[in-house]
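Residue numbers (the numbering used here): 26 to 525. We put the CB at the ideal spot given by N, CA and C, even for glycine. Here the structure is a predicted model, which is why all the values come from computation and not from measurement. Below is one structure, written out as structure tokens; the observations come after it.
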Ligand code: ATP
């Protein structure tokens, strides 16, 4: 699937627009249009329903985006939350050092080093040929492109310092324009109150998780919860990403769906295994093909120092296989840090075990925008129906922005009135659409592109026996349903049991 086609469909049909587009947009920020907001909301609601409301061991929370800045000292974000960054003095472009791939060609006159920016080594490899052609056109290659030997590849971070001067930047024409990697804090800062000085400095949260830890004691004190239990939160997070890219995959303002699951240290490994599987299965249940999903366990050298195990759920996006969600076994790191920095006792007294301890935490941390993008990529298909090529979004009915569209076949014989009545009845329960204009085939196609699972047509036969035609988005199959049973029939189709 071609990302450009998806991005253009999203724009054309009102799923996703560049933010403040009439002013030229702002890199790393996106707006959700009328269809997009429904899709993303359905994803968040499905997540909330399945992880919070339907469980006995989970409660929800909605914390402020700006918190006491000490929270971010305790969590380590003030000190450590930064990516090494490289600037190009020639073109003023900026890159993440760990995502800058340097291709080294050994030539008789000395090495030729060409840097290419990419989310993964494969992305960089895929763009190398085009990059070399551009350099060739500018006479910036010492020999013809076709005579170059096979290169070795290494990231700019790993490249020995003495070699950095030899590198031609991803958009530069000569070597030596890239700076040394420099630390760059990803948190957006602001000032709270009238004075803009160091004492009023605060941050926009870069994750929702810390609001949960900061409220752990409050939630325990409400008396509703007993270990093991989790606290869930959905909300906006902000990171001043150096290279926002791949549509809504990496943006600077995004939404997270996070769970902190607290348990006895002796049960943490078991809960980690549970959440690792539960979260993978959730995506599969909502339509992501398991063949395109992968659970990748972090190597020991990738783990944060406090984590004993972390796994990423990755999805095969058109631009490469990348993280959708991370599940981390965080031990008691967060609660012990907040105990230390706040001076408050955050330990838990276990009535059953008659024991006081600092709970361990399993954190399934998902991105609502990345999930939206994965569901869009998975749903997008071009197929043949009725001898025509069509574009269709095959969303799981639970996630589809519009559940059904009502079409009076012609604008006479009472069909519009009958259609209007059915539309009104349905609209009390579902997001539905009414369309009485144009050829019926065209109306079907437009709903296929919006991902609407059901078409409901009022036709000649409706006037005779009070039945309507149902049409299935994916197969085009049609069948008749009595008018009086339409609401129930739609409910049966769009609210299938999602229990595993
Ligand atoms: P990456 O390595 O891709 O930057 P991360 O490992 O830093 O991600 P986490 O800090 O684990 O991400 O955040 C948890 C989840 O939040 C991610 O799995 C992702 O779904 C989402 N997320 C993180 N950063 C972004 C972003 N810039 N844009 C959109 N979603 C994001």
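For residue 508, collect the residues of the same chain with a Cβ closer than 8 Å to its Cβ; drop the 5 residues on either side in sequence, then sort them by chain order.
Stepping through the chain shown from its first residue, residue 508 is reached at position 483. Same-chain partners within the cutoff: 443, 447, 487, 491, 492, 493.
Nearest candidate by alpha-carbon position, reference residue 453, set 299, 512, 80, 505
Here the question's residue 453 lines up with position 428 in the chain shown. Closest by alpha carbon: 512.
Can you tell me whether DSSP reads residue 92 as helix, strand or coil?
In the chain shown, counting from the first residue as 1, residue 92 sits at position 67. In the structure shown, residue 92 sits in coil (DSSP, three-state: anything other than H, G, I, E or B).
Could you tell me which uninterrupted alpha helix (DSSP H) segments, each at least 4 residues in length, are contained entirely in the segment 376 to 461, listed from first to last along the chain?
DSSP runs (the alpha helix (DSSP H)) wholly in the segment 376 to 461: 393 to 404, 440 to 452.
Could you check whether residue 128 and residue 153 sit closer than 7 Å to each other, using their CB atoms as the reference points?
For this step, residue 153 is matched to residue 128 along the chain shown. For this step, residue 128 is matched to residue 103 along the chain shown. Yes, Cβ-Cβ distance for residue 153 and residue 128 is below 7 Å.
For residue 28, which of helix, strand or coil comes out of DSSP?
Within the chain shown, numbered from 1, the residue matching residue 28 stands at position 3. Here residue 28 sits in helix by DSSP.
Could you tell me the distance, in whole angstroms, from the CA atom of residue 67 to the CA atom of residue 392?
In the chain shown, residue 67 corresponds to position 42, counting from 1. In the chain shown, residue 392 corresponds to position 367, counting from 1. Near 14 Å, if we compare the C-alpha coordinates of residue 392 and residue 67.
For residue 158, count the other beta carbons within 10 Å of its own beta carbon; 16 or more makes it buried, fewer makes it exposed. Which is it?
To locate residue 158, count along the chain shown from 1; it is residue 133. By the 10 Å Cβ count, residue 158 comes out exposed.
Validate contact between the segment 357 to 364 and the segment 272 to 279 using beta carbons, cut 8 Å, 3 pairs:
Judged by Cβ distances under 8 Å, the segment 357 to 364 makes no contact with the segment 272 to 279, as fewer than three pairs qualify.
How would you call residue 551, buried or exposed, if buried means at least 16 neighbouring beta carbons within 10 angstroms?
Residue 551 is absent from the structure shown; the chain starts at 26 and stops at 525.
Is residue 321 close to the ligand ATP? I mean its beta-carbon at under 6 Å from any heavy atom of the ligand.
For the purposes of this step, residue 321 is taken as the residue at position 296 of the chain shown. Because no heavy atom of the ligand ATP lies under 6 Å away, the Cβ of residue 321 does not count as near it: no.
Straight-line gap, residue 187 to residue 166 (C-alpha atoms, nearest Å)
Counting from one through the chain shown, the residue named residue 187 turns up at place 162. Counting from one through the chain shown, the residue named residue 166 turns up at place 141. Here the alpha carbons of residue 166 and residue 187 stand approximately 21 Å from one another.
Quick one, are the C-beta atoms of residue 36 and residue 397 less than 7 Å apart?
Within the chain shown, numbered from 1, the residue matching residue 36 stands at position 11. Within the chain shown, numbered from 1, the residue matching residue 397 stands at position 372. No, the Cβ-Cβ distance between residue 36 and residue 397 is not below 7 Å.
What number of angstroms, rounded off, separates the C-alpha of residue 432 from the C-alpha of residue 463?
Position 407 of the chain shown, counting from 1, holds the residue named residue 432. Position 438 of the chain shown, counting from 1, holds the residue named residue 463. Going from the Cα of residue 432 to the Cα of residue 463 covers about 10 Å.
C-alpha distance - residue 52 paired with residue 310, whole-angstrom precision:
The count along the chain shown starts at 1 and reaches residue 52 at position 27. The count along the chain shown starts at 1 and reaches residue 310 at position 285. Distance between the alpha carbons of residue 52 and residue 310: 33 Å.
How should residue 212 be labelled, buried or exposed, when 16 other C-beta atoms within 10 angstroms of its C-beta is the threshold for buried?
Locating residue 212 in the chain shown gives position 187, where the first residue counts as 1. Result: buried.
Is it the case that the Cβ atoms of residue 313 and residue 403 are separated by a distance below 7 Å?
Taking the chain shown and counting its residues from 1, one reaches residue 313 at position 288. Taking the chain shown and counting its residues from 1, one reaches residue 403 at position 378. In this structure, the beta-carbon distance from residue 313 to residue 403 falls below 7 Å.
Would residue 394 and residue 279 qualify as a contact pair, given that the criterion is a beta-carbon distance under 7 Å?
What you label residue 394 is simply residue 369 of the chain shown in a count that begins at 1. What you label residue 279 is simply residue 254 of the chain shown in a count that begins at 1. Taking 7 Å as the Cβ cut-off, residue 394 and residue 279 qualify as a contacting pair.
Under 7 Å between the Cβ atoms of residue 38 and residue 60?
Walking along the chain shown from the start, residue 38 turns up at place 13. Walking along the chain shown from the start, residue 60 turns up at place 35. Their beta carbons are under 7 Å apart, which means residue 38 touches residue 60 by this criterion.
Could you give the uninterrupted runs of the beta strand (DSSP E) lying entirely in the segment 136 to 205, keeping only those of 3 residues or more?
DSSP runs (the beta strand (DSSP E)) wholly in the segment 136 to 205: 177 to 180.
Per DSSP, residue 275 is paired with what?
Counted from its first residue, the chain shown places residue 275 at position 250. In the DSSP secondary-structure assignment, residue 275 is bridged to 270.
Name the DSSP bridge partner or partners of residue 318?
The residue labelled residue 318 in the question sits at position 293 within the chain shown. DSSP lists 340 as partners of residue 318.
Mind checking who residue 123 pairs with in its DSSP beta bridge?
To locate residue 123, count along the chain shown from 1; it is residue 98. Answer is none; residue 123 lacks a bridge partner.
Compare the Cα-Cα distances from residue 197 to each of 120, 229, 319, 298 and report the closest residue.
Working through the chain shown from its first residue, we reach residue 197 at position 172. Ranking the options by Cα distance to residue 197, first place goes to 120.
Is any heavy atom in the ligand ATP found nearer than 6 Å to the beta carbon of residue 460?
Translated into positions along the chain shown, residue 460 becomes position 435. For the ligand ATP, not one heavy atom lies less than 6 Å from the Cβ of residue 460.
According to DSSP, simplified to helix, strand and coil, what is residue 328?
Mapped onto the chain shown, residue 328 falls at position 303. In the three-state scheme derived from DSSP, where H, G and I count as helix and E and B as strand, residue 328 is classed as coil.
Where does residue 286 land, buried or exposed, given buried means 16+ other C-beta within 10 angstroms?
Working through the chain shown from its first residue, we reach residue 286 at position 261. So residue 286 ends up on the buried side.
Identify, in the order they occur along the chain, each residue of the same chain with its Cβ nearer than 6 Å to the Cβ of residue 156, setting aside the five sequence neighbours on each side.
As a first step, residue 156 must be located in the chain shown, where it is residue number 131. Apart from the 5 residues on each side of it in sequence, residue 156 sits with its Cβ closer than 6 Å to the Cβ of 141 in its chain, given in chain order.
Contact between the segment 198 to 206 and the segment 235 to 255: three or more CB pairs below 8 Å?
In short, these stretches do not touch, since the Cβ pair count stays below three.
Check whether the Cβ atoms of residue 416 and residue 474 sit closer than 7 Å, and answer yes or no.
For the purposes of this step, residue 416 is identified with residue 391 of the chain shown, where counting begins at 1. For the purposes of this step, residue 474 is identified with residue 449 of the chain shown, where counting begins at 1. Cβ atoms of residue 416 and residue 474: closer than 7 Å.
Proximity below 7 Å, CB of residue 385 to CB of residue 351
As a first step, residue 385 is located in the chain shown; it is residue number 360 there, counting from the start. As a first step, residue 351 is located in the chain shown; it is residue number 326 there, counting from the start. No, Cβ-Cβ distance for residue 385 and residue 351 is not below 7 Å.
For a test of your reading of the model: does the CB of residue 390 fall under 6 Å from any non-hydrogen atom of the ligand ATP? Yes or no.
On the chain shown, position 365 is the one that residue 390 refers to. Yes.
Comparing alpha-carbon positions, which option in 456, 459, 325, 111 lies nearest residue 184?
Along the chain shown, read from residue 1 onward, the residue named residue 184 stands at position 159. Each of 456, 459, 325, 111 was checked against the Cα of residue 184, and the nearest Cα belongs to 111.
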